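Residue numbers (this note's numbering): 229 to 830.
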Ligand code: GTP
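Right under this line is the structure:
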């Protein structure tokens with residue numbers, strides 16, 4: 229196949245700036261999908277994507293435009309899915325940087341642009357939604373010119389809704405995006421796996437960008453990293469459904485049906501080569517993503533642990549950033565401690581379990597991964613990563629605890645800067661810089677506010693607070709910058725004198741009282757009254773920082789007394805009091821599962 233006639237590109241943008249809608253117009257205009265078959269946002273194939281109107285999984289498609297073959301990879305725009313974007317970028321030569329002309333440059337516009345620049349991609353700046361009356365074409369152009377240092381006339385303008393400007397954009401893709409080049413011709417096959425999915429009938433299908441050589445069905449193939457050897461049952465491309473082709477050549481994007489049943493043997497980022505003519509070196513893989521947010525995931529139905537294990541395994545194939553290890557809880561049973569990139573990632577995971585695997589789960593309050601250095605060298609090494617409060621060693625063994633910090637970019641109209649700075653301070657942030665994007669009158673300028681914050685705080689409603697502090701106008705993007713010292717301790721929850729291990733949490737020392745009060749109040753509502761008084765306490769080390777009591781059920785022991793025998797009445801009440809005291813000393817409170825759920829559940 230002639231590589232001169234191939235163009236590989238993706239669309240990057242802030243969430244909701246219209247990537248999927250633009251991709252639909254391209255599918256229509258190129259005749260890839262007829263208008264009749266085109267439901268809105270065709271590339272968002274998961275039900276969940278259709279419902280929420282967001283792209284979660286990248287979706288590749290092959291189109292014909294004039295005498296060219298175009299491969300487009302649609303990418304997600306949300307911050308939690310940045311790793312999906314970086315994988316798409318490694319498989320293409322160019323990127324359309326799409327900006328909603330009614331919104332202007334936003335936080336993820338900038339973040340995604342940096343990712344594309346890192347991959348050396350040709351950038352085509354494009355304004356979208358120019359059909360809307362609120363579109364401010366000139367001002368958004370200013371912002372893009374400022375951001376990219378490009379000429380004004382390099383910026384194209386389209387409407388993904390009406391299709392205006394889309395043909396010119398496809399022409400620009402052909403003209404500006406470089407054709408693919410073989411990295412090492414004659415070396416034999418090298419193809420980069422940028423995604424993979426599990427098919428119940430055909431096993432693992434890997435999505436690849438062929439860099440060198442060719443692959444066809446029947447070829448014996450080897451995976452560099454895992455060493456798995458397979459025979460390609462089928463190769464093909466996307467329209468956007470899978471369709472078989474005879475061969476995939478250099479520069480092409482397509483899929484290989486591997487027949488593998490073990491999903492761990494076909495890793496995203498691995499290189500596929502020929503088993504007979506093994507290439508010398510693997511292609512550079514992807515930046516490995518490390519989950520920083522952890523939560524316990526338990527089946528609601530306790531006999532579904534095995535199904536849950538299987539379902540997580542299948543989702544992992546499709547979701548390189550998801551990790552899971554078994555975890556046991558006295559209240560919730562056997563489940564998994566799972567690692568995520570952020571809260572949206574967690575939500576999507578939970579919903580996919582329900583929709584794609586019909587498993588309902590209880591998800592515990594998420595926490596970050598702490599790094600703990602012990603006072604003395606132990607056989608587990610000097611520092612360890614703690615993913616749950618239960619994993620925290622006894623304070624006497626802890627030399628220091630560190631927590632992940634993020635670099636937070638906030639893009640906002642200037643008038644909200646004050647309120648947003650206050651919010652960042654409240655969330656333990658450290659101020660870095662303020663920059664202005666493009667022109668605009670003073671007070672009206674779009675502002676890039678940079679802060680550094682502990683990730684643990686970002687997890688607690690930060691996004692919602694940011695939106696309400698800016699009337700919805702501010703957008704944010706963050707990336708992990710490393711670990712820093714954290715003044716955190718384990719907060720124990722004690723019910724009727726017994727510490728409840730699975731209710732413990734890790735808190736900032738100076739917030740312990742506030743968090744403790746909230747937890748004991750929730751427990752007070754969730755635990756039924758007993759014959760005796762139940763004390764619920766939150767303790768930091770040995771010190772009680774919050775406490776509630778649930779009054780005992782009171783049986784009217786004097787009910788049978790007629791008349792006014794005061795002495796007898798007193799006697800009976802005294803007896804009851806003693807009995808209760810004895811019960812309090814020995815009584816066990818059986819915490820109902822709802823009590824755990826009230827505290828643990830998000
Ligand atoms: P994510 O995949 O979630 O990042 O979103 P996206 O960038 O793919 O955006 P999507 O295509 O889902 O569009 C977001 C919203 O904007 C939808 O309601 C679209 O109908 C609307 N929209 C997209 N393009 C245009 C346009 O050119 N004009 C108008 N008026 N609306 C548009």
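Using N, Cα and C, we set each Cβ at its ideal position, and we do this for glycine too. Since the model is a prediction, treat every value here as computed from it, not as a measurement.
- The criterion of a C-beta distance shorter than 7 Å is not satisfied by residue 254 and residue 407.
- Separation of residue 689 and residue 447 (C-alpha to C-alpha, rounded to the nearest whole angstrom) is 51 Å.
- Considering only 489, 681, 664, the residue with the shortest C-alpha distance to residue 674 is 664.
- Excluding its 5 nearest sequence neighbours in each direction, residue 686 has C-beta neighbours in its own chain below 8 Å: 634, 636, 655, 706, listed in chain order.
- Inter-residue distance for residue 610 and residue 711 is about 15 Å (C-alpha atoms, whole angstroms).
- Exclusion of residue 454 from the 6 Å shell around the ligand GTP follows from its C-beta lying no nearer than that to any non-hydrogen atom of the ligand.
- Per the DSSP secondary-structure output, residue 351 pairs in a beta bridge with 323.
- About 31 Å separates the beta carbon of residue 404 from that of residue 507, a gap too long to meet the 8 Å contact definition.
- For residue 587, there is no enclosing beta strand (DSSP E), as DSSP gives it neither H nor E.
- For the 7 Å CB-CB criterion, residue 360 and residue 330 form a contact.
- Residue state for residue 242 is assigned as coil, using DSSP reduced to three classes.
- Residue 642 sits close to residue 671, with the two beta carbons spaced by under 7 Å.
- Judged by their CB atoms, residue 384 and residue 354 are nearer to each other than the 7 Å cut-off.
- Cα atoms of residue 414 and residue 392: separation of roughly 43 Å, rounded to the nearest angstrom.
- Counting along the chain, the unbroken alpha helix (DSSP H) around residue 252 starts and ends at 247 to 257.
- From the listed residues 488, 483, 236, 387, the smallest Cα separation to residue 363 is found for 387.
- Annotated three-state conformation of residue 418 is strand, per DSSP.
- Leaving aside the five residues that flank residue 511 on each side, the residues in its chain whose CB is nearer than 7 Å to its CB run, in chain order, 418, 420, 439, 499.
- In this chain, the alpha helix (DSSP H) harbouring residue 399 covers 394 to 404.
- Counted as a single uninterrupted DSSP element, the beta strand (DSSP E) harbouring residue 471 occupies residues 470 to 473.
- It is roughly 33 Å from the alpha-carbon of residue 366 to the alpha-carbon of residue 290.
- Counting every other CB atom within 10 Å of its CB across the protein chains shown gives residue 332 a total of 16 or more, marking it as buried.
- Using a C-beta cut-off of 8 Å, the stretch 475 to 491 makes no contact with the stretch 517 to 524, since fewer than three inter-stretch Cβ pairs fall below that distance.
- Sequence-distant Cβ neighbours of residue 441 in its own chain, meaning closer than 6 Å and more than five residues away, are 416, 417.
- In the displayed model, residue 382 falls within a helix according to three-state DSSP.
- Inside the stretch 609 to 685, DSSP marks whole alpha helix (DSSP H) runs of 4 or more residues at positions 645 to 654, from first to last along the chain.
- At least one heavy atom of the ligand GTP falls within 6 Å of the beta-carbon of residue 243.
- Membership of residue 765 in any alpha helix (DSSP H) is not indicated; the residue belongs instead to the beta strand (DSSP E) covering 762 to 768.
- Taking 8 Å as the upper bound for CB-CB distance, residue 774 and residue 741 are in contact here, some 6 Å apart.
- Residue 336: member of the alpha helix (DSSP H) spanning 335 to 346, first to last residue.
- With the rule of 3 Cβ pairs closer than 8 Å, the stretch 589 to 603 does not count as touching the stretch 759 to 769.
- Where residue 373 is concerned, the enclosing alpha helix (DSSP H) starts and stops at 365 to 376.
- In the structure shown, residue 491 adopts helical secondary structure according to DSSP, grouped into three states.
- Judged by their CB atoms, residue 358 and residue 324 are not nearer to each other than the 7 Å cut-off.
- The alpha-carbon of residue 425 is positioned some 5 Å away from that of residue 433.
- Relative to the ligand GTP, the beta carbon of residue 661 is positioned no closer than 6 Å to any heavy atom.
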